[in-house]
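So the protein sequences, as listed, match chains A and B.
The working numbering applies: residue 516 is where the first sequence begins, and numbers increase by one.
The working numbering applies: residue 516 is where the second sequence begins, and numbers increase by one.
Protein chains: 2
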Amino acid sequence: MNVNGIHYRTIWVKETDRQVIQIIDQRHLPHRFILEDLVSLDDVFTAIKDMHVRGAGLIGATAGYGMYLAALEASRSDSFDTFLAEAAEKLKSARPTAMNLFWAVDKQLEAISSVASADEKISLAFQTAKKIADSDAEYCRRIGEQGVKLIEEISRSKGGKPVNILTHCNAGWLAFVDFGSATAPIYAAHDKDIDVHVWVDETRPRNQGAALTCWELGNHGVPHTLITDNAGGYLMQQGQVDLVIVGSDRTTYTGDVANKVGTYLKALAARDNNIPFYVALPSSTIDWKTEDGVKEIPIEQRDPDEVAFVDGWCEGEVKKVRICPENSPAANYAFDVTPARLVTGLITERGICKPNKDEILKLFPEIT
Amino acid sequence: MNVNGIHYRTIWVKETDRQVIQIIDQRHLPHRFILEDLVSLDDVFTAIKDMHVRGAGLIGATAGYGMYLAALEASRSDSFDTFLAEAAEKLKSARPTAMNLFWAVDKQLEAISSVASADEKISLAFQTAKKIADSDAEYCRRIGEQGVKLIEEISRSKGGKPVNILTHCNAGWLAFVDFGSATAPIYAAHDKDIDVHVWVDETRPRNQGAALTCWELGNHGVPHTLITDNAGGYLMQQGQVDLVIVGSDRTTYTGDVANKVGTYLKALAARDNNIPFYVALPSSTIDWKTEDGVKEIPIEQRDPDEVAFVDGWCEGEVKKVRICPENSPAANYAFDVTPARLVTGLITERGICKPNKDEILKLFPEIT
């Protein structure tokens with residue numbers, strides 16, 4: 516999407532040198548817009564591990580390009596195969612719970628081992644990395660194409676008045692290669708000149724809404740307002756929200772949605788006020804094995820310091836301030852699960868469906 | 516309640532000099548515990564206006580003592596009555612929406628005008644101020660006495676295992692003279708050796724939970740854990756919450772509860788998980804005129820910078836960090852209204868009742 520009027524993806528090949536991969540170093544957002552050159556396996560490892568890039572789709576795409584850079588290095592090493600196998604292990608260890616990371620690395624290993632010469636391996640690794648990135652963007656674009664219909668309908672029923680959409684966390688283009696999941700329908704609507712306005716939950720503890728979603732919506736020119744995570748219920752009571760769209764880290768085939776903690780509270784408020792609550796997701800995040808999301812999906816507990824401290828811009832740099840007494844313990848549950856009964860529908864790259872097994876399988880008949 | 520093992524109220528008369536009123540300067544909490552001497556009307560005006568003290572009960576008590584200090588000054592002025600009348604106006608202007616402020620000042624004006632000599636006026640002003648403070652503490656103590664029964668019952672049913680109580684914002688002793696409203700039953704339980712543990716919502720944007728509730732619970736020795744406002748729903752789904760107790764800024768006689776923004780979301784989650792949701796309030800905060808709280812109670816919109824910036828301790832001082840892009844607008848809705856249908860019961864100084872007109876009037880028959 517656009518930054519200062521120029522179209523960016525979150526990752527791309529440098530135009531003048533295809534041995535250089537460029538990313539937005541997201542650690543500095545929203546305060547500074549800094550690009551970074553990745554020229555080695557080590558660069559990619561650090562970028563994933565230290566969260567210069569984050570978000571399932573983007574981690575996968577970065578790992579894809581990481582394996583391409585590793586292939587370049589492997590061709591200069593004593594043993595191509597040994598170097599590449601070690602590179603794969605190293606990349607996988609960068610974020611050990613990111614499914615897309617494993618998937619992308621394995622996809623590259625398979626591709627690279629299918630041809631014989633180093634030159635062919637490098638060439639195929641490059642094409643595969645590009646394909647992984649392009650298909651991530653294309654899936655998100657299709658989610659936008661599907662989801663924009665919902666926004667168009669509300670816009671029509673409101674006689675063209677702004678459609679107020681609430682979103683939680685950052686399921687935006689910064690988490691993917693382009694478009695995003697929850698934001699894809701919003702960008703599609705905005706680019707079609709439909710009047711939209713987004714309420715952005717700040718999304719404590721890591722504030723991805725305040726830092727990333729606000730930044731990307733603002734840079735693309737989408738009207739938005741930052742609110743606290745506490746405010747959404749009030750806005751819904753007051754008729755200030757027409758539609759909720761969130762992303763998903765994992766959706767069971769029965770329609771339960773694991774997403775950033777606090778999503779469940781917004782789903783409850785949407786239900787209490789008869790507001791449609793949609794979840795946008797590429798089908799790669801559907802969990803085809805888990806039946807009861809609330810009971811079965813393990814919820815990551817992260818560092819309590821993310822709750823006790825807040826990062827922000829102060830005196831020309833990012834500082835960390837403590838918001839509680841030094842002795843007070845904190846707990847940091849990172850996700851929650853919204854049961855299917857509170858979800859109006861799932862927006863996938865193949866279409867919109869009700870959150871239940873039968874409807875989901877109708878869109879993905881190849882699974883049965 | 517206790518701070519470092521010593522019992523404090525939020526406001527008191529200096530033991531060695533009854534012309535000096537002492538408060539905890541709450542602006543520095545939780546990072547520094549600083550007492551302040553108030554020796555003049557101007558000191559009290561500043562303490563209320565600049566929020567050295569806050570919370571309905573405490574503002575009222577401080578204003579009561581402010582009128583006593585004003586009476587002392589009036590006796591040294593050219594005209595006692597003129598000075599006192601001006602003092603009353605000045606104090607009322609310090610926080611123009613604080614009902615208790617008006618009530619306490621008017622109560623003092625009435626008392627002071629009922630006697631003739633300056634000495635009598637000063638003496639009666641002192642007694643009245645003390646009575647206002649004492650009765651605030653006594654009402655909260657009774658709320659504790661009533662509410663502790665709920666906790667005792669849960670403790671019994673759990674065979675003495677810790678009772679997990681979730682609270683939002685700071686309806687603690689720091690907001691009153693002692694005990695607090697939502698915290699009073701918790702302190703009463705703790706002081707009776709009932710095993711309790713409190714989940715403290717941080718309560719963005721002003722973080723009164725993280726800063727004040729954690730501080731006061733910690734200092735009194737009550738086990739507690741700071742969580743983000745987003746996490747309560749997850750904890751309730753997982754059976755980690757036995758009881759929710761919150762305070763109230765205004766409760767309609769029909770049982771609708773205006774409280775810090777985000778309260779409504781917790782009430783929804785409590786209902787969805789069959790967890791009792793109680794509101795603790797001194798009856799002075801019951802609104803005997805408003806029928807439909809959701810539609811009729813006006814919600815204060817505060818400075819958007821409270822959302823865009825977070826205050827905290829950094830490098831030995833309190834700093835303010837910006838969490839969003841400079842250009843992103845923010846909105847700051849300070850309260851929300853929880854409809855009576857989501858409230859299990861009201862804990863008042865006279866007893867616990869269902870949140871409806873008939874039950875509330877049974878406890879307060881003098882109103883009809």
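Where a beta carbon is used, it is the ideal one built from N, C-alpha and C, also for glycine.
- In the same chain as serine 590 of chain B, and ignoring 5 residues on each side of it, the C-beta atoms closer than 7 Å to its own belong to Ala633, Ile637, in chain order.
- For the set A/Val620, A/Gly675, A/Ser696, the Cα lying nearest the Cα of glutamate 660 of chain A is the one of A/Ser696.
- DSSP places histidine 705 of chain B in no beta strand (DSSP E) but in the uninterrupted alpha helix (DSSP H) bounded by 699-706.
- Relative to alanine 795 of chain B, the option among B/Val713, B/Tyr654, B/Arg569, B/Lys645 whose CA is nearest is B/Tyr654.
- Within chain A, the residues placing a beta-carbon under 8 Å from that of glutamine 752 of chain B are Tyr779, Val809, Asp851, Val852, ordered along the chain.
- In the three-state DSSP reduction, aspartate 596 of chain B falls in the helix class (H, G or I).
- Within chain A, no residue has its beta carbon less than 8 Å from that of proline 870 of chain B; the closest one is some 17 Å off.
- Counting the other CB atoms within 10 Å of its CB gives glutamine 534 of chain B a total below 16, which places it among the exposed residues.
- Close to chain A, meaning a Cβ-Cβ distance shorter than 7 Å, is no residue of the stretch 687-699 of chain B at all.
- Between the stretch 767-775 of chain A and the stretch 664-675 of chain A, the count of C-beta pairs closer than 8 Å stays below three; the two stretches do not touch.
- By the criterion of at least three beta-carbon pairs nearer than 8 Å, the stretch 516-526 of chain B is not in contact with the stretch 858-878 of chain A.
- Under a criterion of Cβ atoms nearer than 7 Å, no residue of chain A is adjacent to glycine 860 of chain B; the nearest Cβ is some 20 Å distant.
- The bridge partners DSSP lists for glycine 827 of chain A are A/Lys834.
- If you keep only unbroken alpha helix (DSSP H) runs of at least 4 residues inside the stretch 591-646 of chain A, you get 595-607, 614-627.
- With respect to the 8 Å criterion, leucine 681 of chain A and glycine 748 of chain B are not classified as neighbours on the basis of their beta carbons.
- Histidine 735 of chain B: not part of any beta strand (DSSP E); member of the alpha helix (DSSP H) spanning 729-735, first to last residue.
- Checking the DSSP bridge columns, you'll see histidine 739 of chain B partnered with B/Val713.
- Between cysteine 839 of chain A and proline 545 of chain B, the C-beta spacing is below 8 Å.
- Remark: C-beta atoms of isoleucine 658 of chain B and threonine 853 of chain B do not approach each other more closely than 8 Å.
- Out of B/Val809, B/Glu841, B/Ala686, B/Lys664, the CA that lies nearest to the CA of glutamate 731 of chain B is found in B/Ala686.
- When the five nearest sequence neighbours on each side are left out, the beta carbons in the same chain lying within less than 7 Å of the beta carbon of valine 620 of chain A are those of Ala578, Met582, Ala603, Leu606, Lys607, in order along the chain.
- In terms of Cα proximity to alanine 571 of chain A, the closest of A/Pro813, A/Asn788, A/Ser798 is A/Ser798.
- In this structure histidine 712 of chain A does not touch histidine 683 of chain A by the C-beta definition: roughly 16 Å separates them, more than the 8 Å allowed.
- Less than 8 Å divides the Cβ of leucine 783 of chain A from the Cβ of leucine 783 of chain B.
- For tryptophan 688 of chain A, the three-state secondary structure derived from DSSP is helix.
- By the neighbour-count criterion, in which a residue is buried when 16 or more other Cβ atoms sit within 10 angstroms of its Cβ, asparagine 847 of chain B is buried.
- Of all residues in the stretch 831-843 of chain B, those with a C-beta nearer than 9 Å to a C-beta of chain A are Val833, Lys834, Lys835, Val836, Arg837, Ile838, Cys839, Pro840, Glu841, Asn842, Ser843, reading in chain order.
- In the DSSP assignment, valine 809 of chain B falls outside any beta strand (DSSP E) and lies within the alpha helix (DSSP H) extending over 808-811.
- Contacts with chain A at 8 Å (Cβ-Cβ) include aspartate 826 of chain B.
- For chain A, the residues of the stretch 783-797 of chain B that bring a beta carbon within less than 9 Å of one of its beta carbons are Leu783, Ala784, Arg786, Asp787, in chain order.
- B/Ala613 is the residue among B/Ala613, B/Asp693, B/Met516, B/Glu530 whose C-alpha sits nearest the C-alpha of arginine 765 of chain B.
- Minimum Cα-Cα distance from valine 825 of chain A among the listed residues B/Thr743, B/Ile538, B/Arg817 corresponds to B/Thr743.
- Contact with chain B is found for leucine 741 of chain A, since one of that chain's Cβ atoms lies less than 8 Å from the residue's Cβ.
- Nearest CB-CB separation between valine 776 of chain B and chain A: below the 8 Å threshold.
- The stretch 712-727 of chain A and the stretch 808-826 of chain A touch, with no fewer than 3 CB-CB distances between them shorter than 8 Å.
- Here the C-alpha atom of alanine 746 of chain B lies approximately 31 Å from the C-alpha atom of phenylalanine 560 of chain A.
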